[in-house]
Amino acid sequence: MGSWYRTLSLTAMAMVVAVAESNACRANAAAPSVTIKQGAIEGFAQNDTNVFLGIPFAETTAGENRWKAPQPVAAFPNGHFAATSYGPSCAQAMSGTAITNQSEDCLSLNIWTPRQAAGRGLPVFVYIYGGAMVTGGSSNAQWQGFNMARNDVIYVNFNYPFGGDKSRIVLGGHSSGGVHVDHYLWNHPETFLAGAIEMSANAQSGPAIAPSGVALKQVVQDMLDAGVSLDCTAENYSLDCLRAADTYAFQTTYFNSTTNTWFSPSIDEITRFSNYTERFQSGKYPTSLPLLVGNSDQEGAIFGYVYGSENTDFSSWIRTFDADLAFVPEAELIAAYNESDYPSVSQMSGASYGDARFLCATDAMLQLRAAQQPTWIYRWFGNYSNVLPIPNLGPSHGSEVPFFHGGKECFSLLEDVTTAEQQLADYMLSWFVAWIKNPQAGPGWAQASPTDGPLARVGVPEHEEEIVMSTTGAYNTRCQNVYLPNYPYYPEVQNPVLLAEEA
Ligand SMILES: *[C@@H]1O[C@H](CO)[C@@H](O)[C@H](O)[C@H]1NC(C)=O
Ligand SMILES: *[C@@H]1O[C@H](CO)[C@@H](O)[C@H](O)[C@H]1NC(C)=O
Ligand SMILES: *[C@@H]1O[C@H](CO)[C@@H](O)[C@H](O)[C@H]1NC(C)=O
Ligand SMILES: *[C@@H]1O[C@H](CO)[C@@H](O)[C@H](O)[C@H]1NC(C)=O
Ligand SMILES: *[C@@H]1O[C@H](CO)[C@@H](O)[C@H](O)[C@H]1NC(C)=O
Ligand SMILES: *[C@@H]1O[C@H](CO)[C@@H](O)[C@H](O)[C@H]1NC(C)=O
Ligand SMILES: *[C@@H]1O[C@H](CO)[C@@H](O)[C@H](O)[C@H]1NC(C)=O
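Taking mature numbering (1 follows the signal peptide of the UniProt record, and there is no 0), I'd label the letters of the sequence shown as residues -20 to -1, 1 to 483.
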């Protein structure tokens, strides 16, 4: 994982700076273009932005390149790259219309720049989408850069596979994107970033960690059973042997049924660490970097549905691989949730997921960092039924993302968008962009502190165009009592095959 970051930061930042600097002289050209070492990149103008889509930042990850550090991009064929459509999404156990079709040749990025502004010296916002590290893509309409570019911020997003002017770059992401941002920080105590944004999730959010090889062995067996020709067995495979197989052969029924979440990262003490307190205390973390964190108020509501087939009995739910709650003693979990507080046990289970993965992970890292690091925390209350794939989820996980991106084009695939929603998106974009341009100055509310400090409520119904101040203490009782004492024991490596057999 660390390696594609390095590739991304070197290649992509060279591209971004080249694209930004070219702007001033090409602002009136019909099709914006910029030349880098690999050749000329031709984008297109849309409304008041210049757009460059699908620019490769590394070679394909197929065949010989599979499961290896990304290879540098070769010169473009004929010295020319048409950056006019999104690149393929990375191979994953999901399909659908939200993102482009899959391919292993997926390491590409998209850039939006303002059409008219002088390009030099603009701030850059690099956004990493979420998707539990197993799904998602940079082409999703909800996270595009039109509105950022309109406000003189160069916006970059990019595809990544399983996983894993420079002085004004802010790196941000939502959900697993936020996890990647956090791991980036824990890996770069001397970062060049100007700020970081972790929406909903951080290094203690997951995904659940399985012993390495467990899932792949099962998939290799499934492939052999399905008649895929391989020169190795499930008991004794090598990565070289598996590089010969087509990537879609790995998408077996088993792989799809677990949405490949059993292929999880590992704690190697190189890219991921077992003790963040120790790392923080020994100075292996950029403590002075301005950091914006936050959550949606009902993070877990959507997961009550996502895990509906295994979460109707709370005491068995908390033992599943998907719940990833083994770091908290069962008795403490059972005592902490009361069925009478939820419409269903599934919703209660969803709430535990929202706490463990998102709300309490944010609270625990705030507890560790906010005494030293300039940190600001928001909590999202926007309650709109047309944003998430299931209606009436309230302000659940992911419902804030297109609002932070300013709506408009980012609302283009939603139905019945109201004027009030666009007004809220305009307001969210205004403070968010102001922060990206000047992270040191803060987003307009007071800095967070451990245990019980200032928290900004955003998207509050009937107060859409204001920040409504509250405190972390008003929301973090269960996090502080039940989860905080146990996060030092996160993650607990669990074997999903054995857990499934026990269930
Ligand atoms: C972009 O331009 C198109 C075509 O001119 C127009 O219909 C659309 O409203 C514009 N979108 C925005 C967000 O300005
Ligand atoms: C698994 O899911 C992928 C992506 O949706 C699909 O292309 C593939 O056919 C599925 N495999 C099986 C065995 O159903
Ligand atoms: C994606 O795949 C589907 C099914 O194979 C195909 O019909 C569609 O044209 C593809 N879309 C793109 C943009 O390639
Ligand atoms: C596993 O495969 C390797 C070759 O890939 C072979 O050298 C080795 O003997 C095999 N081990 C077993 C236990 O079959
Ligand atoms: C993590 O490191 C801290 C500081 O060195 C130490 O006090 C704590 O016991 C460690 N936690 C675990 C779970 O080992
Ligand atoms: C759950 O909440 C109900 C209603 O407030 C209360 O009567 C009950 O005692 C609670 N149960 C537990 C185990 O605390
Ligand atoms: C969201 O709004 C609906 C009505 O539109 C309401 O029933 C529901 O209680 C609200 N949810 C939250 C969490 O505020």
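We treat Cβ as the ideally placed atom computed from N, Cα and C, and that holds for glycine. Source: prediction; values computed, not measured.
**Item:** Alpha-carbon spacing of residue 224 relative to residue 408, whole angstroms
**Value:** Their Cα atoms are separated by approximately 48 Å.
**Asked** Is residue 299 helix, strand or coil when you go by DSSP?
**Response** Of the three classes helix, strand and coil, the one that applies to residue 299 here is coil, per DSSP.
**Prompt:** residue 293: which of 271, 301, 307 and 325 sits nearest, CA to CA?
**Reply:** Per the Cα distances, 325.
**Message:** Using only CA atoms, which one of 16, 19 and 27 lies nearest to residue 10?
**Reply:** Nearest option by C-alpha distance: 27.
**Request:** In the DSSP assignment, find the alpha helix (DSSP H) that holds residue 275 and state where it starts and stops.
**Result:** According to the DSSP assignment, residue 275 belongs to no alpha helix (DSSP H) but to the beta strand (DSSP E) extending over 271 to 276.
**Asked** What whole-angstrom Cβ distance do residue 206 and residue 232 have, given they're in contact under 8 Å?
**Response** The pair is a contact, with the Cβ atoms about 7 Å apart (cut-off 8 Å).
**Request:** Specify, as a first and last residue, the run of the alpha helix (DSSP H) that residue 284 falls within.
**Result:** Per DSSP, the unbroken alpha helix (DSSP H) holding residue 284 starts and ends at 281 to 286.
**Prompt:** Which term fits residue 471, buried or exposed, when burial requires 16 or more other beta carbons within 10 angstroms of its beta carbon?
**Reply:** When all chains shown are included, residue 471 counts as buried.
**Message:** To the nearest angstrom, how far is the alpha carbon of residue 250 from that of residue 170?
**Reply:** Approximately 16 Å between the Cα atoms of the pair.
**Message:** So residue 354 and residue 271 are supposed to be a Cβ contact under 8 Å. How far apart are they, rounded?
**Reply:** 7 Å between Cβ atoms; contact.
**Message:** Is it the case that the region 108 to 126 contacts the region 209 to 228, given that we only count it when at least three CB pairs across the two stretches are under 8 Å?
**Reply:** Counting Cβ pairs under 8 Å, fewer than three are found: no touch.
**Asked** CA-CA distance, residue 287 and residue 137?
**Response** The alpha-carbon atoms of residue 287 and residue 137 are separated by roughly 29 Å.
**Request:** Out of 380, 297, 356 and 461, point me to the one whose CA is closest to residue 366's CA.
**Result:** Looking at the Cα atoms, 380 is the closest of the given residues.
**Item:** Sequence-distant residues of the same chain with beta carbon closer than 6 Å to residue 350, five excluded per side
**Value:** Closer than 6 Å at Cβ, skipping near neighbours: 428, 429 and 430.
**Prompt:** Going by alpha carbons, who is nearest to residue 460 out of 335, 129 and 141?
**Reply:** Among 335, 129 and 141, the Cα nearest to that of residue 460 belongs to 335.
**Asked** Under the three-state reduction of DSSP, which class applies to residue 176: helix, strand or coil?
**Response** Note: residue 176 maps to strand in three-state DSSP.
**Request:** Report whether the distance from the Cβ of residue 216 to the nearest heavy atom of ligand 4 is below 6 Å.
**Result:** It does: the Cβ of residue 216 is within 6 Å (strictly closer) of some heavy atom of ligand 4.
**Item:** Selected residue, minimal CA-CA separation from residue 40, among 88, 196 and 426
**Value:** Measuring from the Cα of residue 40, the nearest candidate turns out to be 88.
**Message:** What does DSSP give as the partner residue(s) for residue 360 in the beta ladder?
**Reply:** Partner(s): 276 and 438.
**Message:** Between which two residues does the beta strand (DSSP E) holding residue 32 run?
**Reply:** Its beta strand (DSSP E) spans residues 29 to 36.
**Message:** Rounded to whole angstroms, what is the Cα-Cα separation between residue 94 and residue 23?
**Reply:** Roughly 13 Å between the two C-alpha positions.
**Asked** Looking at residue 332 and ligand 6, is the gap between the Cβ and the nearest heavy atom below 6 Å?
**Response** Outside the cutoff, so no.
**Request:** Just mark residue 123 as buried or exposed, buried being the case when its beta carbon has 16 or more other beta carbons within 10 Å.
**Result:** By the 10 Å Cβ count, residue 123 comes out buried.
**Asked** Distance, Cα to Cα, residue 1 vs residue 16?
**Response** Since pLDDT at residue 1 reaches only 47, below the 50 mark, its modelled position is unreliable, and no value is offered.
**Message:** Please report the distance separating the alpha-carbon of residue 491 from that of residue 183.
**Reply:** The displayed coordinates of the chain run from -20 to 483. Any statement about residue 491 would go beyond what the structure contains.
**Prompt:** What did DSSP end up calling residue 385 once you bin it into helix, strand or coil?
**Reply:** In the structure shown, residue 385 sits in coil (DSSP, three-state: anything other than H, G, I, E or B).
**Message:** Within a Cβ cutoff of 6 Å, which residues of the same chain sit near residue 386, ignoring the five residues on either side of it in sequence?
**Reply:** The residues are 127, 405 and 409.
**Delimiting residues of the alpha helix (DSSP H) encompassing residue 234** = Element bounds for residue 234: 233 to 237.
**Item:** Rounded distance between the beta-carbons of residue 74 and residue 488, thought under 8 Å
**Value:** It is not possible to answer for residue 488, since the shown part of the chain is limited to -20 through 483.
**Message:** Please output, in chain order, the residues near ligand 2 using a CB cut-off of less than 6 Å to any non-hydrogen atom of the ligand.
**Reply:** Summarising the contact set, residues whose Cβ lies nearer than 6 Å to any heavy atom of ligand 2 are, in chain order, 73, 74, 75, 231, 232, 233 and 236.
**Prompt:** For residue 106, which beta-bridge partners are listed by DSSP?
**Reply:** Bridge partners of residue 106 according to DSSP: 136 and 151.
**Asked** From residue 229 to residue 360, what does the alpha carbon distance come to, in whole angstroms?
**Response** Going by C-alpha positions, residue 229 is about 41 Å away from residue 360.
**Prompt:** Candidates 290, 259, 378 and 295: which alpha carbon is nearest residue 280's?
**Reply:** Closest by alpha carbon: 378.
**Item:** Limits of the unbroken alpha helix (DSSP H) element including residue 477
**Value:** Element bounds for residue 477: 476 to 482.
**Asked** What are the boundary residues of the alpha helix (DSSP H) that includes residue 159?
**Response** Run containing residue 159: 156 to 167, per the alpha helix (DSSP H) assignment.
**Segment limits, beta strand (DSSP E) that includes residue 316** = Note, residue 316: premise wrong, no beta strand (DSSP E); alpha helix (DSSP H) at 310 to 316.
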